[in-house]
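Residue numbers (UniProt numbering): 1 to 170.
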C-alpha cells in the first residue's frame, strides 16, 4: 500500500452519503452476519489474510482502495464508504484497560504473566531491541488435544535492535 492510495481521516467528515468509521464497520459486521461470511471465506474472496482482514474490520488497518471497493460490493453496501475504509487509522486503542471482553482479557493476562520472560528471552536470543508489530505476521490455528482443542497463536515480527545515539555517533 502506498501513501497515494490512502487519505487522512482529517479530511473526512461524516455526511448523509458517508458514514463514520464506527457506523460503517457496524454495517459491514451486520452484512457479514446476514450473508454468513466468516473472515476466512471473506478473506479468500478478497485475497486478504483472515487475521489482517479481521483487524482491518475492527478499524486497525486502512484498506487498499481496490479491496475496499470489492468488500463493499460483496456486501451490497454503498461505495461511498470506500474513503472511510482507506483512511488512516488510530491503532492499538482499547476502550477500557484492562480489557473486559473475556477472550481479549485472557490474551492481556498471557502478556502480564509471560511478557517479562518473553522480553528476557528475546534479549538473550537477539540482543537489546524489540519485536516489530509493523513488519509483522500473526497466525491463528487449532490443535487437537485429548483434554480439549488448543488455540495456537504464532507471532512473527522483525527484530529491531536499539541503536543509541551518542555524541560520537550523531
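Quick reminder that beta carbons are idealized off the backbone N, C-alpha and C, glycines included.
- Closest option to residue 139, judged by alpha-carbon separation, among 83, 155, 132, 74: 155.
- With 16 or more other Cβ atoms inside 10 Å of its own Cβ, residue 62 counts as buried.
- Just so you know, the alpha carbons of residue 149 and residue 128 end up roughly 36 Å apart.
- For the set 131, 25, 165, the Cα lying nearest the Cα of residue 158 is the one of 131.
- By the criterion of at least three beta-carbon pairs nearer than 8 Å, the segment 48 to 61 is in contact with the segment 82 to 96.
- Of the candidates 68, 100, 52, 52 places its Cα closest to the Cα of residue 136.
- Residue 165 and residue 106 have their C-alpha atoms some 38 Å from each other.
- In this structure, the alpha-carbon of residue 153 lies about 9 Å from that of residue 142.
- Taken atom to atom, the span from the alpha-carbon of residue 23 to that of residue 79 is near 14 Å.
- Where residue 34 is concerned, the enclosing alpha helix (DSSP H) starts and stops at 21 to 35.
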